[in-house]
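Visitor:
Numbering (the numbering used here), first residue to last: 551 to 644.
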């Protein structure tokens, strides 16, 4: 492998590393948003039948946020594996 291809692989690994960092920010953001759903749910339970909509919307909010966080976590895991493969390919052809 010539140095141009190796350099391209290293640049690709750097770009994917930056993207994984951005995805981790979204992951933390979604976990924080799920706390808002917990507050809505608690408020709906605490105030009885009048706020049943808050309870239901809080539960839905929690489910949506946690499902999205799981999808992002899977993407981060696969991205890290991909970066390891890219760096291994770049190192093995020195």
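Glycine included, every Cβ here is placed at the ideal spot set by N, Cα and C.
(1) Can you find the residues in the same chain that come closer than 7 Å, C-beta to C-beta, to residue 640, ignoring five residues on each side of it along the sequence?
(2) Apart from the five residues on each side of it in sequence, which residues of its chain come closer than 8 Å, Cβ to Cβ, to residue 588?
(3) Grouping DSSP H, G and I as helix and E and B as strand, with all else coil, what is residue 601?
(4) Using only CA atoms, which one of 582, 614, 594 lies nearest to residue 605?
(5) Among 554, 553, 580, 563, whose alpha-carbon lies nearest the alpha-carbon of residue 632?
(6) Is it buried or exposed, residue 591, if we count other Cβ atoms within 10 angstroms and call 16 or more buried?
(7) Quick check on residue 625 - is its C-beta less than 9 Å from some C-beta in chain B?
(8) Have a look at 565, 602, 567, 617 and flag the residue whose alpha-carbon is nearest the alpha-carbon of residue 579.
(9) Nearest to residue 585 by CA position, among 619, 565, 623, 554, is which residue?
Guide: Considering the structure as presented:
(1) Contacts found: 556, 559, 560.
(2) Close CB contacts of residue 588 within its chain, under the 8 Å cut and outside five residues either way in sequence, are with 608, 612 (chain order).
(3) It is helical.
(4) The candidate whose alpha carbon is nearest that of residue 605 is 594.
(5) Across the set 554, 553, 580, 563, the C-alpha of 563 shows the shortest separation from the C-alpha of residue 632.
(6) If you draw a 10 Å sphere on the C-beta of residue 591, you find 16 or more other C-beta atoms in it, and that means buried.
(7) The question asks about chain B, but that chain is absent: this structure has only one protein chain.
(8) Ranked by how close their Cα comes to the Cα of residue 579, the residues 565, 602, 567, 617 have 617 in first place.
(9) Comparing alpha carbon positions, the residue from 619, 565, 623, 554 closest to residue 585 is 619.
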